[in-house]
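Novice: Residue numbers (the working numbering): -18 to 270.
Take a look at this one; I'll ask things after.
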């Protein structure tokens, strides 16, 4: 089975040390591409919905998001779709894009620390997201020194705020070999496409040509989770999406997400989100994330 490269190569346009892209139309990809790159990545979605899978963190956003993904932190694509007038702006840059020592000078220590925090993934909360989002979008139209100066202002604000959440607070070490990462790509693609039905260990192990015991050891070592736990997280995250976006009743959502036992669904949902499915739905109705 062919897989895409695990290391994504990123090339800014000629004459630029930053890659800045704005998507106003969501193009659905067939492949759940589990990838990493040395570039740091900022993703700002002003109106859109989708799942985040960054390191070991899996969650769902239903309006907008601003995330910072550090060097070599593996992640999947973000959006299910953009809403009306929505857009996604992406900035990718190497930590040394202004020279090997620029962020090591005393005046830049806060930004260097931001880059270090970003290795675990950062989701910025509502206040800073609103303040910085427009500035991120403006970078698309700036060139030369104006773009660099404006970008440094953005980094300064992100470095100084405490309005954020670390996505992998318990740490995520991605120290696997490229061929192992190709296996993880195959596994995550299969989970992404089939989490709403039963996936046996025999089935998933055979996809990557491993015995079940070898697969279980490999998966736990690589992701720090059991296969069952990760599949259940995908299911619960999909349930949060359906609770937010649909009028389906909670029992139907349970079975739609691949659970075959309602009490088991309730238990796992509460473990993962800290609240019951009904409470989650009532809170989402009054919350703009």
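We put the CB at the ideal spot given by N, CA and C, even for glycine.
#1: Going by DSSP, name the residue or residues bridged to residue 40.
#2: With a threshold of 8 Å, are at least 3 pairs of Cβ atoms found where one atom belongs to the stretch 101 to 114 and the other to the stretch 124 to 138?
#3: With H, G and I counted as helix, E and B as strand and the rest as coil, what does DSSP make of residue 351?
#4: Alpha carbon to alpha carbon, how far is residue 202 from residue 156? Give it in angstroms, no decimals.
#5: With DSSP run on the structure shown, which of helix, strand or coil describes residue 189?
#6: Within the continuous beta strand (DSSP E) that includes residue 49, where are the two ends?
#7: Using a Cβ-Cβ cutoff of less than 6 Å, which residues in the same chain neighbour residue 235 once the five nearest sequence positions on both sides are dropped?
#8: Grouping DSSP H, G and I as helix and E and B as strand, with all else coil, what is residue 142?
#9: Examine the Cβ distances between the stretch 219 to 231 and the stretch 192 to 199 and report whether three or more of them are shorter than 8 Å.
#10: Three Cβ pairs or more, each shorter than 8 Å: is that satisfied between the stretch 45 to 52 and the stretch 19 to 34?
#11: Can you round the beta-carbon distance between residue 218 and residue 32 to whole angstroms, since I take them to be within the 8 Å contact cut?
#12: By the 10 Å Cβ neighbour count, where 16 or more other Cβ atoms means buried, how is residue 121 classified, buried or exposed?
#13: Whole angstroms is fine: what's the gap from residue 216's alpha carbon to residue 144's?
#14: In the structure shown, what three-state DSSP assignment does residue 180 receive?
#15: Beta-carbon within less than 7 Å of residue 178's beta-carbon, same chain only, minus the 5 sequence neighbours each way: which residues are those?
#16: Taking only the alpha-carbon atoms, compute the straight-line gap between residue 221 and residue 149 and give it to the nearest angstrom.
#17: My output table needs one value for residue 23: the three-state DSSP class, helix, strand or coil.
#18: Just to confirm my understanding: we take residue 70, look at its own chain, exclude 5 residues before and 5 after, and list those with CB closer than 6 Å. What are they?
#19: State the CB to CB distance for the pair residue 51 and residue 99, rounded to an integer number of angstroms; the pair is presumed to be in contact (CB under 8 Å).
#20: In the structure shown, what three-state DSSP assignment does residue 222 receive?
#21: Between the Cα of residue 151 and those of 171, 20, 37, spot the shortest distance and give me the residue it belongs to.
#22: Are any of the Cβ atoms in chain D nearer than 8 Å to that of residue 208?
#23: How many angstroms separate the CA atom of residue 181 from the CA atom of residue 264?
#24: Rounded to a whole number of angstroms, what is the C-alpha to C-alpha distance between residue 185 and residue 34?
#25: Name the DSSP bridge partner or partners of residue 249?
#26: Note down the Cα distance separating residue 272 from residue 55, rounded to an integer number of angstroms.
#27: Excluding the five sequence neighbours on either side, which residues of its own chain have a C-beta within less than 7 Å of the C-beta of residue 214, listed in chain order?
#28: Closer than 7 Å by C-beta to residue 66: which residues in its own chain qualify, once you throw out the five before and the five after it? Chain order, please.
#29: Considering just the uninterrupted stretch of the beta strand (DSSP E) at residue 103, what are its terminal residues?
Specialist: This is what the structure gives:
#1: DSSP output for residue 40 lists 33 as bridge partner(s).
#2: Cβ pair count under 8 Å is three or more, so yes.
#3: Only positions -18 to 270 of the chain appear in this structure, which leaves residue 351 out of reach.
#4: Annotation note: pLDDT 47 at residue 156 (below 50); position unreliable, coordinate value reported separately. If I take the Cα positions, the gap works out to 10 Å.
#5: Shown here, residue 189 sits in coil according to DSSP, grouped into three states, outside any helix or strand.
#6: It spans 46 to 50 - the beta strand (DSSP E) in which residue 49 sits, taken as one unbroken run.
#7: Only 243, 246 meet the Cβ criterion.
#8: Coil at residue 142, not helix or strand.
#9: The count of Cβ pairs closer than 8 Å, one atom from the stretch 219 to 231 and one from the stretch 192 to 199, stays below three, leaving the stretches out of contact.
#10: Yes, the stretch 45 to 52 touches the stretch 19 to 34.
#11: At roughly 6 Å, the Cβ-Cβ gap stays under 8 Å, so residue 218 and residue 32 are in contact.
#12: Residue 121 comes out exposed.
#13: For residue 216 and residue 144, the distance between alpha carbons rounds to 29 Å.
#14: Coil at residue 180, not helix or strand.
#15: If you ignore the 5 residues before and after residue 178, its C-beta comes within less than 7 Å of the C-beta of 239, all in its own chain and listed in chain order.
#16: Distance between the alpha carbons of residue 221 and residue 149: 20 Å.
#17: Strand at residue 23.
#18: The answer, listed in chain order, is 3, 25, 117, 118.
#19: For a cut-off of 8 Å, the C-beta gap from residue 51 to residue 99 is around 3 Å, short enough to register as a contact.
#20: If DSSP states are grouped into helix, strand and coil, residue 222 belongs with the helices.
#21: Distance from the Cα of residue 151 is smallest, within the candidate group 171, 20, 37, for 37.
#22: Considering every chain present, this structure includes no chain D. It has just one protein chain.
#23: Rounded to the nearest angstrom, the two C-alpha atoms are 35 Å apart.
#24: The alpha-carbon atoms of residue 185 and residue 34 are separated by roughly 20 Å.
#25: For residue 249, which the question treats as bridged, DSSP gives no partner whatsoever.
#26: For residue 272 there is no data in the structure shown, the boundaries of the chain being -18 and 270.
#27: In chain order, 39, 253 place their CB closer than 7 Å to the CB of residue 214, counting only its own chain and leaving out the 5 sequence neighbours on each side.
#28: Result list for residue 66: 28, in chain order.
#29: Unbroken beta strand (DSSP E) run through residue 103: 103 to 105.
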